[in-house]
Amino acid sequence: MEVPLFAMLQRTPRAAVTLSFVLFSLAIVPALYSLLANPILPLLISSSETDGTFPSDHMHLSHLNSPSVRSLSPVNSPIPAPPYHTRHRKSSPGKIPSPNISPIPVPPDHTPSRHQSPSPNVNGPIPAPLNSSSVATSTLRTQFRDDEQRCDIFNGEWIPNDESPYYNTTCWAIQEHQNCMQFGRPDTGFLRWRWKPDGCDLPIFDPQEFLEMVRGKAMGFVGDSISRNQVQSLICLLSRVEYPQDISSSPDEAFKVWNYTSYNFTLHVMWSPFLVKTTKSDPTDPECNLFNLYLDEYDTMWTSQINQLDYLVISSGHWFYQPVIFYENETISGCQYCSLPNTTQLPLYYGYKKALTTSLRAILENFKGLAILRSFSPQHFEGGPWHKGGDCVRTRPYRRNETIPEGADLKIYDIQLEEFRAAEEEMKKKKGLRLRLMDTTQAMLLRPDGHPGRYGHLQKANVSLRNDCIHWCLPGPIDTWNDILLQMMKTEK
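Pasting the structure below:
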């Protein structure tokens, strides 16, 4: 007689327990095996997703000649740090320029090859460099990875940087009108930013690495007071390792030569705001602001010296807003803002284009080494032009989607790009010459907060002085130019 399974289990409890264990095992063991073979892991975000390009709502500034103008944000409105930059690496530790050249201050007695570590405290003095053979700097911020070598370092955005600045206003190379803190600027936020290219990090300037690269070599800067502004930044950045000695052959402040004795490195500063041969219309009048420009003739004051250099950085632009008379083939071809009778009035761009063409030709014919054309440095006057009360009072950088300025600055920039490309084609026929473009215009368009403005002079009651929204505070955003310069040198090496 067949006994139902349920009745049998009731009569034999041990069999019931055994059967239950078998059924439980058959149900749970496959589930456990599946879980162990395919564990549940947290969502991982690759570095390529976080370090990639910016979201599409950030307008790209490569087309700087766009006729459209986006509305400006309110003055001094807060600009939040971009959330997609939270994972960036950190390191350790008004006037149009006057023809009267203000000199770089003569350095006090300093022992060559002295060192200090960078200090993030901008309000307290940075002590004099201590004796040391090297500067400690994090390799995370001084080296490009192999996959970043082709990164476009000229497109990006300014992001917060609590470690900056890397020198203080005690640096003797800073002129008074660039020392924005000396005359009472109340904010220091403009010091706390660094340039972040899209897709990679730009290493912070390493003075020790720079001096090792230029050991036994010579570098020259040719241009106007903005060019000298960059040289002063470079001297201050290098002062963490060594102060240079003035070995100029003449007292002429327009042409200075500095020597870093421990490295046998010479730094040449050559004044040529128009880049081509220039004379004053009335040499006997020191106040004369009308210049004769010989657009097809070299300024031999600098072109005769560049064959001694290994590196050359050339720039210009701002002086071309002045009244000038143009000469070609030794005859007057026209003028700009001159009001001379029977003389063709020509636009600013006419003279600038021809002067830049001539200057680049001089480099192609006389220079072998690394030549860099630094693009135009924009001005940021708001509320009026430079001579009618214009000022620059913003205290934070623009974001890329906030403004695309337009005007004469961008036309000069376009001419630079055009002439550089033409010279680049000619360069291919020359052995030993490398011509590169340092395109700092896009980055500096975003820094209206980096100029001296009203803090480039004493604040005097009942005295109206022009605001400087052309030059750059030291320390300040212009220090980034030397970050870029070093990276370009390393890439060429």
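Using this note's numbering, read the sequence shown as starting at 1464 and increasing by one per residue. For glycine and all other residues, C-beta sits at the position ideal for the given N, C-alpha and C.
8 Å contact criterion, which residue i and residue j should meet: CB distance rounded
i, j, result
"F1839", "Q1785", "About 16 Å; that fails the 8 Å criterion."
"F1617", "D1942", "Actually they do not touch by this definition, with Cβ atoms about 16 Å apart."
"R1703", "P1649", "Actually they are not in contact, since the Cβ atoms of R1703 and P1649 sit about 27 Å apart, beyond 8 Å."
"T1858", "F1673", "Between F1673 and T1858 the Cβ distance is about 31 Å, and since that is not below 8 Å, they are no contact."
C-alpha gap between residue i and residue j, whole angstroms
i, j, result
"G1662", "G1619", "8 Å"
"T1600", "I1710", "The predicted model places T1600 with a pLDDT of 40, which falls under 50 and marks its position as unreliable, so this point remains unresolved."
"L1976", "F1646", "The requested residue 1976 is not part of the displayed model; the chain covers only 1464 to 1956."
"Y1761", "L1898", "19 Å"
"T1651", "M1644", "8 Å"
"T1794", "L1836", "29 Å"
"P1714", "N1755", "25 Å"
"P1707", "V1720", "9 Å"
"L1697", "R1910", "19 Å"
"C1614", "S1802", "48 Å"
"L1809", "E1791", "13 Å"
"M1951", "T1632", "27 Å"
"R1862", "Y1800", "36 Å"
"K1817", "T1741", "14 Å"
"T1904", "S1690", "14 Å"
Sub-7 Å separation of residue i and residue j beta-carbons
i, j, result
"C1932", "H1843", "yes"
"L1833", "Y1774", "yes"
"D1745", "T1821", "no"
"I1622", "K1659", "yes"
"Y1812", "K1893", "no"
"G1919", "W1935", "no"
"S1627", "G1686", "no"
"N1692", "I1769", "no"
"P1736", "W1765", "no"
"M1907", "P1804", "no"
"K1831", "G1895", "yes"
"Y1757", "V1739", "yes"
"Q1641", "L1928", "no"
Cβ neighbours of residue i in the same chain (closer than 6 Å, five flanking residues each side left out)
i, result
"F1668", "L1700, N1945, D1946, L1949"
"V1694", "F1684, V1732"
"V1677", "F1728"
"G1939", "G1913"
"A1825", "Y1761, T1766"
Neighbourhood of residue i by C-beta, 7 Å cutoff - its chain only, sequence neighbours within 5 removed
i, result
"N1624", "R1655, W1656, R1657"
"G1916", "D1854, C1855, V1856, N1930, D1931, C1932"
"G1847", "G1853"
"C1751", "K1743, S1744, D1745"
"I1771", "It is worth fixing the name first, because residue 1771 is Gln in this sequence and not Ile. Answer for Q1771: A1681, listed in chain order."
"L1823", "E1882, A1886"
"G1814", "L1756, L1758, F1783, V1787, F1789, Q1799"
Cβ shell of residue i (< 8 Å), same chain only, five flanking positions each side left out
i, result
"T1807", "S1796, G1797, C1798"
"R1884", "none"
"S1712", "V1720"
"T1763", "K1740"
- Message: Ignoring anything shorter than 4 residues, give me the alpha helix (DSSP H) runs that lie fully in the segment 1632-1719, in order along the chain.
- Response: 1670-1676, 1688-1701
- Identify every run of the alpha helix (DSSP H) within the segment 1733-1774, keeping only runs that are complete inside it and at least 4 residues long; order them along the chain. 1763-1766
- Query: Counting only runs that start and end within the segment 1800-1863, where is the alpha helix (DSSP H) found for 4 or more residues in a row?
  - Reply: The DSSP assignment places complete alpha helix (DSSP H) segments of no fewer than 4 residues inside the segment 1800-1863 at 1811-1829, in order along the chain.
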